[in-house]
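Protein chains in written order, with this note's numbering: chain G, 58 to 224; chain V, -1 to 256.
In this text, a Cβ means the ideal position worked out from N, Cα and C, and glycines have one as well.
This report refers to the structure that appears directly beneath it.
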């Protein structure tokens, strides 16, 4: 077991690189950008996380997996704190994370400014097909297999694909 | 102060939970697979909002010693209160109806929630402000999706247009309650953490007019008689049936977990 006074928070960040999102298993919690802070508070290791979507059922599993990973590495006194503000944005996803998503067959989120207004039937920016790289794609549904994705189809290679939507 | 904050938070939570539960009834029954997924995703967002709000209400109740034994949790608040204690607006509890009814209700509600959370983001209560900030991103998405569907159905075949018109007839008298503050809302405004819902009405109506105009639907009468009661616990018979369905397991086997 690691005594609290000997904890090096850099080592904690390193451990968290191996905790993955159960829904998108190529992304670590670091890639997702949901770890906001790692610090020692009142003799206890405190990890601050922020949810991606309010109703995302993966968050409870992620929080449990963080605890397990830290226990396995000898950190038993861990407090996992969840904060809502500032609200998570896909802008916090790392570049490596975006590359991993694309390699996995999910189109990575574009810059945040392109979405999130209530205006109807907006002209969307073209989303690149993660398989053949064509921009000749169409939106099939604003909602996909999980809260964070929308469904697209490539007009060239005809493959349907998930787009990790901007948030 | 604490009592009003709890009541106000429960009102916001009940709206989200009850509509989330209603929408979840479409799971496996949506008109096409993509829209089945869309409406159930919206349910998930709403139930997620409800969880955040119930957790907060439970924390205030326990911290202030208002709950005997400090045992309030998000689950006790959702599963062990009776219909008269629920403070959701009547609009959210009406049976799901057909797809036109579900879409139109979602549009009316999302437009209201969008304006409400935009103001609540500036609440003097930090946690309510944070929940609003977080939820607003999702609500914006709900609003865009439901507005597009109102237009798509209204400006479509004769049957779709007809169904939207009858949905408007059935829903309209329940929209007034959204903007008619209950006493606890007025107190919440004067204490600095609540939103003045009356002040949201004009913007809401303007948006309804714009979308209805694009959807080629007749704009309903702003001064029509409106039914109220949900915020003060006087519900339609439908809420009892939702609660019977939702609370059955916990009331039969209290504390049971997966």
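Bridge partner(s) assigned by DSSP for residue 217 of chain G = G:210
What does DSSP give as the partner residues of residue 198 of chain G in its beta bridges?
-> G:208
Check whether the Cβ of residue 36 of chain V lies closer than 8 Å to any Cβ atom in chain G.
-> yes
State the beta-bridge partners of residue 3 of chain V as determined by DSSP.
-> Note: residue 3 of chain V sits in no beta bridge, so no partner.
Tell me where the alpha helix (DSSP H) around residue 149 of chain V begins and ends.
-> 124 to 152
Of the listed residues V:81, V:96, V:131, V:0, nearest to residue 63 of chain V (C-alpha basis) | V:0
Contact check, residue 126 of chain G vs residue 75 of chain G, beta carbons under 8 Å | yes
Counting Cβ pairs closer than 8 Å, one from the region 60 to 74 of chain G and one from the region 174 to 191 of chain G, do we hit at least three?
-> no
Pair within 8 Å by beta-carbon distance, residue 111 of chain G and residue 94 of chain G | no
Label residue 214 of chain V either buried or exposed according to how many other C-beta atoms from any shown protein chain fall within 10 Å of its C-beta, with 16 as the threshold for buried.
-> exposed
Taking only runs of the alpha helix (DSSP H) that begin and end inside the region 97 to 126 of chain G, which ones reach a length of at least 4 residues, in chain order?
-> none
What does residue 198 of chain G reach in chain V if we use C-beta pairs closer than 8 Å?
-> 32, 33, 35, 36
With a cut-off of 8 Å on the beta carbons, I'd call residue 226 of chain V and residue 178 of chain V a contact; round off their distance for me.
-> 6 Å
Nearest neighbour of residue 133 of chain G, chosen from G:101, G:91, G:191 [CA to CA] | G:101
Please list, in chain order, all residues of the same chain as residue 123 of chain V whose beta carbon is under 6 Å from its beta carbon, the five residues on each side excluded.
-> 191
Identify which residue in G:131, G:137, G:129, G:103 has its Cα closest to the Cα of residue 265 of chain G.
-> Absent from the model: residue 265 of chain G. The displayed extent of chain G is 58 to 224, so no value can be given.
Measure the Cβ-Cβ separation of residue 85 of chain V and residue 9 of chain V and say whether it is below 8 Å.
-> yes
Do the region 194 to 202 of chain G and the region 154 to 172 of chain V touch if we need at least three Cβ pairs shorter than 8 Å?
-> no
Quick one: measure Cβ to Cβ for residue 166 of chain G and residue 147 of chain G, integer angstroms, because I've assumed they're closer than 8 Å.
-> 4 Å
Is there contact here, the region 89 to 97 of chain V with the region 124 to 141 of chain V, by at least three beta-carbon pairs under 8 Å?
-> no
Helix, strand or coil at residue 164 of chain G [DSSP, three-state] = strand
Separation of residue 67 of chain G from residue 113 of chain V, as counted between CA atoms | 42 Å
Give the interface partners of residue 176 of chain G over in chain V, defined as CB-CB distance under 9 Å, in chain order.
-> 142, 145
Rounded distance between the beta-carbons of residue 38 of chain V and residue 189 of chain V, thought under 8 Å | Incorrect: roughly 36 Å between the Cβ atoms, too far for contact.
Can we say the region 13 to 27 of chain V touches the region 35 to 50 of chain V, given the rule of at least three CB pairs closer than 8 Å?
-> yes
According to DSSP, is residue 93 of chain G helix, strand or coil?
-> strand
Neighbourhood of residue 108 of chain V by C-beta distance below 7 Å, restricted to the same chain and skipping five residues each side = 137, 140, 141, 144
8 Å Cβ cutoff, residue 1 of chain V in contact with chain G = no
Within this structure, are the beta carbons of residue 245 of chain V and residue 77 of chain V separated by less than 8 Å?
-> yes
Can you check whether the CB of residue 88 of chain V is closer than 8 Å to the CB of residue 238 of chain V?
-> no
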